[in-house]
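Asker: In my numbering, the protein residues as written are 1067 to 1579.
For each residue, glycine too, the CB sits at the ideal point set by N, CA and C.
Values in this document were obtained by computation on a predicted structure and should not be read as measured data.
Okay, handing you the structure first.
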Amino acid sequence: EEGEAKSNTAPLSLIVSGFAPVADIRRSITPELVRTDQDSVLVLISLSAYSARLGGSALAQVFGRSLGPVPDLDSAHALKRLFELVKQSKAEGLLTAYHDRSDGGLFVCVAEMCFAGRCGVDIDLGQFAGAAKPIEILFNEELGAAVQLAECDLPRLKELAQLHGLSDCITMIGKLNDRDELAIRLAGRTLFSEGRAMLQRYWSETSYHMQALRDNSDCAREEFDRLLNFPDPGLHAELTFDPEDDISASFINFDVKPKVAVLREQGVNGHIEMAAAFVKAGFEAIDVHMTDLIHSRASLEQFNVLVACGGFSYGDVLGAGGGWAKSILFNESLSRQFQAFFERKSTLSLGVCNGCQMISLLRSLIPGAEHWPRFMRNRSEQFEGRLVMAAITESPSVLLHDMQGSRFPIPVAHGEGLAHFDNAEQYESLISSGGVAMRFVDGFGEPTEHYPANPNGSPGGITGMTSVDGRALIMMPHPERVFRTVQNSWHPSQWGEDAPAMRIFRNARAWLG
């Protein structure tokens, strides 16, 4: 900071993790503020009533002050009642957003809800007048949470709070606004007002400087500056097909199911989800380890579809997918077997993430794949695990049939995803042959090389490639991780059971007939 080296040191602390089954994840709530047709309000549920102890808070740390006593759980019974209150409120469908009050206190809690929902909030501290100073109200880290609910449901929340003995813990603190700013008022005066995007930059600035030192500094700057792109719609979906339209339904009741070889090697970890997606589309998924092929316990002649999954085969010690590919290319029997499979006109193949990297190195065995790139270390110089926007482009790909023109969020998780072309001719040949099947796009749907919308820096946002005849497809994103809507960490509220990625697997079943 200002040319002086500083360290960010976290104190030793005890972390106790608790696990519990979730009966229906579709009923979970997040800190994302939700805009609805009804007027909504923000309510603070505080176990400390009007206590506002600042000791040990982020505010105290920033200013190097003790600031007195630290927050404490004054009643374990009250904590249990809070849990029961939130549980019952959720069961009745009252709550649309929830965020705990922790690091940074109420101010940061509400600001983070604004960031998640990309909207503004007006906070009124009038309910706390005389009980504590505004700075104490905003920055204490007493146990509590902020919740969003429809204004018409506020009386019911208060009834439930009274039922659970928490009447004094419920305080309405604000409403959403259309100005995209966080404003704090007391007794008719505006104490603070700032645009949501600028607040998010302040909130991200320390992380940005650390990221710029640790990672690729250009990528860090691009991500930081992205917050200034106010019109950017962010994650969304625009589809040219209906994910609920099961085009494989007419084949599901056939006595014979096509067999898909879910290929596995040491370090591969995406095979279970991949098998589940193909099974849902009407396939019989068979776990095929490379040793099964080497020792003739299985043969690719038995299968209609070959899929290579994600993971870290051989620990990526020979480059991502390199060791796996070489175990095929340098084994004459295996090489012939794979080549025969790829050349058989009745087969399909899919490579995802590590499987994409591996199959790209087998391009000499795949008809019409000679222009495929190989994959190098991400431009950010880091492993990238995030949800990004991808668009399906015009191509002959069988698995992406009738999906062209669609764009939707899809997860990535890789350290070596940058598509590398040996020369400009290879790049142009891939494009001219219709070999580009999927691209990373920005919030406006335009192919991008900017980070983090393009997490690996591939030219033109290229992240999926197909063979000339469309039977072989490789991609870095993970469709098998989001073939059900509930698998998505974010999705449009109108999606049903099936997510857009499910169409990939149903296309395979429909093509085989």
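CA-CA distance, A1343 and L1108?
Answerer: Position 277 of the sequence shown holds residue 1343. Position 42 of the sequence shown holds residue 1108. Between A1343 and L1108, the C-alpha separation is close to 40 Å.
Asker: Which parts of the stretch 1470-1524 are runs of the beta strand (DSSP E), unbroken and 3 residues or longer, counting only runs that do not cross its ends?
Answerer: You should have 1473-1480, 1484-1486, 1502-1506.
Asker: Taking all protein chains shown into account, do 16 or more other C-beta atoms lie within 10 angstroms of the C-beta of M1340, making it buried, or fewer, making it exposed?
Answerer: As a position in the sequence shown, residue 1340 is number 274, starting the count at 1. With 16 or more other Cβ atoms within 10 Å, it is buried.
Asker: Which residue wins for smallest C-alpha separation from A1071, given the options D1284, M1276, F1441?
Answerer: Position 5 of the sequence shown holds residue 1071. It is M1276 whose Cα lies nearest to the Cα of A1071.
Asker: When the Cα atoms are used, what is the spatial distance from D1488 to G1421?
Answerer: Taking the first residue of the sequence shown as position 1, residue 1488 is located at position 422. Taking the first residue of the sequence shown as position 1, residue 1421 is located at position 355. Cα to Cα, the separation comes out at about 21 Å.
Asker: Can you give me the start and stop residues for the beta strand (DSSP E) that Y1164 sits inside?
Answerer: On the sequence shown, position 98 is the one that residue 1164 refers to. Y1164 -> beta strand (DSSP E) spans 1161-1166.
Asker: When you compare the CB positions of P1584 and L1453, do they come within less than 7 Å of one another, or not?
Answerer: With the chain covering 1067 to 1579 only, the question about residue 1584 has no answer from this structure.
Asker: Which two residues bound the contiguous alpha helix (DSSP H) that contains S1426?
Answerer: As a working note, residue 1426 is residue 360 in the sequence shown. From DSSP, the alpha helix (DSSP H) with S1426 extends over 1420-1426.
Asker: When we look at the beta-carbon of Y1517 and count the other beta-carbons within 10 Å, is it buried (16 or more) or exposed?
Answerer: In the sequence shown, residue 1517 corresponds to position 451, counting from 1. That one is buried.
Asker: Inspect the CB distances between the stretch 1523-1532 and the stretch 1556-1572 and report whether three or more fall short of 8 Å.
Answerer: Verdict: no, contact absent.
Asker: Starting from the C-beta of E1304, find all residues in its chain whose C-beta is less than 6 Å away, skip the five residues before and the five after it, and write them out in chain order.
Answerer: Locating residue 1304 in the sequence shown gives position 238, counting from the first residue. Cβ neighbours of E1304 beyond the five flanking positions: R1473.
Asker: Can you tell me where the alpha helix (DSSP H) with N1573 in it begins and where it stops?
Answerer: Locating residue 1573 in the sequence shown gives position 507, counting from the first residue. That run of the alpha helix (DSSP H) goes 1568-1578.
Asker: Just mark H1361 as buried or exposed, buried being the case when its beta carbon has 16 or more other beta carbons within 10 Å.
Answerer: If you number the sequence shown from 1, residue 1361 lands on position 295. The residue is exposed, with fewer than 16 neighbouring Cβ atoms inside 10 Å.
Asker: Contact defined as beta carbons within less than 8 Å: I believe S1141 pairs with E1208. What is the distance between those atoms, to the nearest angstrom?
Answerer: Taking the first residue of the sequence shown as position 1, residue 1141 is located at position 75. Taking the first residue of the sequence shown as position 1, residue 1208 is located at position 142. Between E1208 and S1141 the Cβ distance is about 12 Å, and since that is not below 8 Å, they are no contact.
Asker: Select from A1126, H1143, A1118, E1546 the residue whose C-alpha is nearest the C-alpha of C1346.
Answerer: As a working mapping, residue 1346 is identified with position 280 in the sequence shown. It should be noted that the sequence gives Lys, not Cys, for residue 1346. Measuring from the Cα of K1346, the nearest candidate turns out to be E1546.
Asker: Tell me the residue span of the beta strand (DSSP E) that contains T1256.
Answerer: By one-based count along the sequence shown, residue 1256 stands at place 190. It spans 1255-1261 - the beta strand (DSSP E) in which T1256 sits, taken as one unbroken run.
Asker: Where do the ends of the beta strand (DSSP E) carrying K1241 lie?
Answerer: For the purposes of this step, residue 1241 is taken as residue 175 along the sequence shown, with counting starting at 1. Here the beta strand (DSSP E) through K1241 covers 1236-1243.
Asker: Excluding sequence positions up to five away, which residues of its chain have a Cβ less than 6 Å from the Cβ of I1570?
Answerer: One-based indexing of the sequence shown puts residue 1570 at position 504. Cβ within range, chain order: L1465, P1545.
Asker: Tell me whether S1316 sits in a helix, a strand or coil according to DSSP, three-state version.
Answerer: As a working mapping, residue 1316 is identified with position 250 in the sequence shown. S1316: helix per DSSP, three-state reduction.
Asker: Would L1242 and C1175 qualify as a contact pair, given that the criterion is a beta-carbon distance under 7 Å?
Answerer: Here residue 1242 refers to the residue found at position 176 of the sequence shown. Here residue 1175 refers to the residue found at position 109 of the sequence shown. No. Outside cutoff.
Asker: Taking the alpha carbon of R1245 as the point to measure from, which residue in L1223, L1226, C1180 has its own alpha carbon closest?
Answerer: Locating residue 1245 in the sequence shown gives position 179, counting from the first residue. Closest by alpha carbon: C1180.
Asker: Mind reading off the beta-carbon distance from R1505 to A1456? Whole number of angstroms is fine, and I expect it under 8 Å.
Answerer: In the sequence shown, counting from the first residue as 1, residue 1505 sits at position 439. In the sequence shown, counting from the first residue as 1, residue 1456 sits at position 390. That pair is a contact at about 7 Å.
Asker: To the nearest angstrom, report how far apart S1155 and I1095 are at their CA atoms.
Answerer: To locate residue 1155, count along the sequence shown from 1; it is residue 89. To locate residue 1095, count along the sequence shown from 1; it is residue 29. S1155 and I1095: Cα-Cα distance of roughly 11 Å.
Asker: Less than 7 Å between CB atoms is the rule here; does A1142 satisfy it with respect to chain D?
Answerer: Protein chain content of the structure displayed is limited to a single chain, and chain D is not contained in it.
Asker: For the alpha helix (DSSP H) that contains E1350, what are its first and last residues?
Answerer: Taking the first residue of the sequence shown as position 1, residue 1350 is located at position 284. No alpha helix (DSSP H) contains E1350, which is instead part of the beta strand (DSSP E) from 1350-1355.
Asker: Alpha carbons only, please: which of A1118, N1282, P1299, R1440 is nearest the one belonging to G1509?
Answerer: Here the question's residue 1509 lines up with position 443 in the sequence shown. Closest by alpha carbon: P1299.
Asker: Identify, in the order they occur along the chain, each residue of the same chain with its Cβ nearer than 7 Å to the Cβ of L1484, setting aside the five sequence neighbours on each side.
Answerer: Position 418 of the sequence shown holds residue 1484. Excluding residues within five positions, the ones whose Cβ falls inside 7 Å are F1441, M1442, R1443, N1444, R1445, N1522, G1523, S1524.
Asker: Scan the stretch 1104-1171 and note each continuous alpha helix (DSSP H) run of 4 residues or more that stays entirely inside, going in chain order.
Answerer: Here the runs fully enclosed are 1124-1129, 1142-1157.
Asker: Residues bridged to E1460 by DSSP?
Answerer: Stepping through the sequence shown from its first residue, residue 1460 is reached at position 394. The partner list for E1460 (beta bridge, DSSP) is empty, contrary to what the question assumes.
Asker: Below 7 Å between beta carbons: does that hold for H1437 and G1501?
Answerer: Within the sequence shown, numbered from 1, the residue matching residue 1437 stands at position 371. Within the sequence shown, numbered from 1, the residue matching residue 1501 stands at position 435. The answer is yes: Cβ separation under 7 Å.
Asker: Would you call the stretch 1166-1175 and the stretch 1219-1231 in contact, with 3 or more CB pairs under 8 Å?
Answerer: No contact exists between the stretch 1166-1175 and the stretch 1219-1231.
Asker: Quick check on Q1214: does DSSP put it in helix, strand or coil?
Answerer: By one-based count along the sequence shown, residue 1214 stands at place 148. Looking at Q1214 - three-state DSSP - the assignment turns out to be strand.
Asker: Do V1100 and T1162 have their beta-carbon atoms positioned less than 7 Å apart in this structure?
Answerer: The count along the sequence shown starts at 1 and reaches residue 1162 at position 96. The count along the sequence shown starts at 1 and reaches residue 1100 at position 34. Their beta carbons are under 7 Å apart, which means T1162 touches V1100 by this criterion.
Asker: Does the Cβ of C1218 have 16 or more other Cβ atoms within 10 Å, making it buried, or fewer, making it exposed?
Answerer: Locating residue 1218 in the sequence shown gives position 152, where the first residue counts as 1. Classification of C1218: exposed, given that the 10 Å Cβ count is below 16.
Asker: Name the residue from E1289, L1078, K1392, S1533 whose alpha carbon lies nearest to the alpha carbon of A1503.
Answerer: The count along the sequence shown starts at 1 and reaches residue 1503 at position 437. Closest by alpha carbon: S1533.
Asker: Opposite M1455 in the DSSP bridges: which residues?
Answerer: The count along the sequence shown starts at 1 and reaches residue 1455 at position 389. Answer by DSSP bridge pairing, in chain order: P1475.
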